[in-house]
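Below is one structure; the comments refer to it alone.
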Amino acid sequence: MKEIDAPIGVFDSGVGGLTVVREIIRQLPSENIVYFGDTARVPYGTKSRDTVINYSEQIVHFLMTKEVKAIVIACNTATSYALDVLKDKLDIPIIGVVRPGAITAVNATRNGRIGIIATEGTVGSKIYPRVIREYNPEIQVVQKACPLFVSLVEEGWTNDPVTDEVARRYLRSLLDSNIDTLVLGCTHYPLIRKTIGRIVGEDVTLVNPAYETACSLRTLLQQEGLYRESGKTSYHFFVSDGAERFSKFANSILPVDLVPTRLVPIENY
Ligand code: DGL
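Position one of the sequence shown corresponds to residue 13 (the numbering used here), numbered consecutively onward.
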């Protein structure tokens, strides 16, 4: 296999990273993809830094067996904790979702007040405020952890009165702080974007880092001479549990026909 034809490895704790895959397929339609969702160990957002780094390292070892040419961490929590550690160890390009999302938010805000909703891990790491202030130190950042959103999405309750009520409770305090831009700082959250958008109202711009992540990936691949402009594509999906359930969900949100999802004993890697 020529290096340029090698797949891009993408991973998340579960189905959330599919929002990034969806965007990569749209913007880089000739790239091959290998996806891993750690469905046996989701959620990552409530786990310690060391645990998330350990899980991320196992997943990267697995993806390397698929001879990937680059890796996208399609998970904000794993990006917050593990991106720098993995960067130091790998000799292929690797990107996360936080910086692309932060830049989009900085460009979108009009009143300089940005809200971040994310997992407890991402909020606790303070990575978004740090990266946003690198671009503009004047911006006020208000964060809110919304841990239940991940379970609601994994359960498939993306359009449900229970999700509406949970979202109303989480988002109330953010709205009181007069933000005009809200970053969906967990890759599961774009799957309940409609619910979130209805509650925050149309004056608040929602930022989905997936779009900008796919743009950054294209730029990176072009710089490295790894960008694949044409050719037949293949997409392979792996999970650590519940392959059938995952396949069903993936089929409902991706614009391609999927090959069956396969199980991987990820703790062996
Ligand atoms: N989708 C992930 C994120 O972006 C992780 C959610 C979780 O597993 O808690 O943070």
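Note that CB positions come from ideal geometry on N, CA and C, so glycine has one too.
Exercise. Does the Cβ of Thr199 lie closer than 7 angstroms to at least one heavy atom of the ligand DGL?
Worked result: yes
Exercise. Whose C-beta lies closer than 8 angstroms to the C-beta of Leu98 among residues of the same chain, with five residues either side of it excluded?
Worked result: Ser68, Glu69, Val72, Ile83, Ile85 and Ile106
Exercise. Applying the criterion that 16 or more other CB atoms from any shown protein chain within 10 Å of the CB defines a buried residue, is Gly213 buried or exposed?
Worked result: exposed
Exercise. Any heavy atom of the ligand DGL within a distance shorter than 7 angstroms of the CB on Ser252?
Worked result: no
Exercise. Mind checking Leu194: buried by the 16 CB within 10 Å criterion, or exposed?
Worked result: buried
Problem set entry | the region 246-259 contacting the region 149-163, beta-carbon criterion three pairs below 8 angstroms | no
Exercise. If you follow the alpha helix (DSSP H) that Gly26 is part of, which residue opens it and which one closes it?
Worked result: Run containing Gly26: none; DSSP gives neither H nor E here.
For this session: Please determine, among Tyr223, Leu30, Thr58 and Tyr281, the residue with the shortest C-alpha to C-alpha distance to Ile45.
Result: Leu30
Exercise. Which of helix, strand or coil does DSSP assign to Lys156?
Worked result: strand
For this session: Check whether the Cβ atoms of Lys81 and Leu218 lie closer than 8 angstroms to each other.
Result: no
Exercise. What do you get for Arg274, buried or exposed, if any count of 16 or more other CB atoms within 10 angstroms of its CB means buried?
Worked result: exposed
Problem set entry | Beta-carbon contacts of Asn220 that lie in its chain and below 6 angstroms, excluding the five residues immediately before and after | Leu196 and Pro202
Exercise. Comparing the CB of Thr170 with every heavy atom of the ligand DGL, is any distance shorter than 7 angstroms?
Worked result: no
Problem set entry | Ile211 versus His248 - alpha carbon distance | 36 angstroms
Exercise. With Ser42 and Arg230 assumed to form a contact (beta carbons below 8 angstroms), what rounded beta-carbon distance in angstroms separates them?
Worked result: About 11 angstroms separates the two Cβ atoms, so there is no contact after all.
Problem set entry | Any non-hydrogen atom of the ligand DGL within 7 angstroms of Gly57 CB | yes
Exercise. Looking at C-alpha atoms only, which residue of Thr51, Pro159 and Asp188 is the closest neighbour of Val178?
Worked result: Pro159
For this session: Label Leu102 either buried or exposed according to how many other C-beta atoms from any shown protein chain fall within 10 Å of its C-beta, with 16 as the threshold for buried.
Result: exposed
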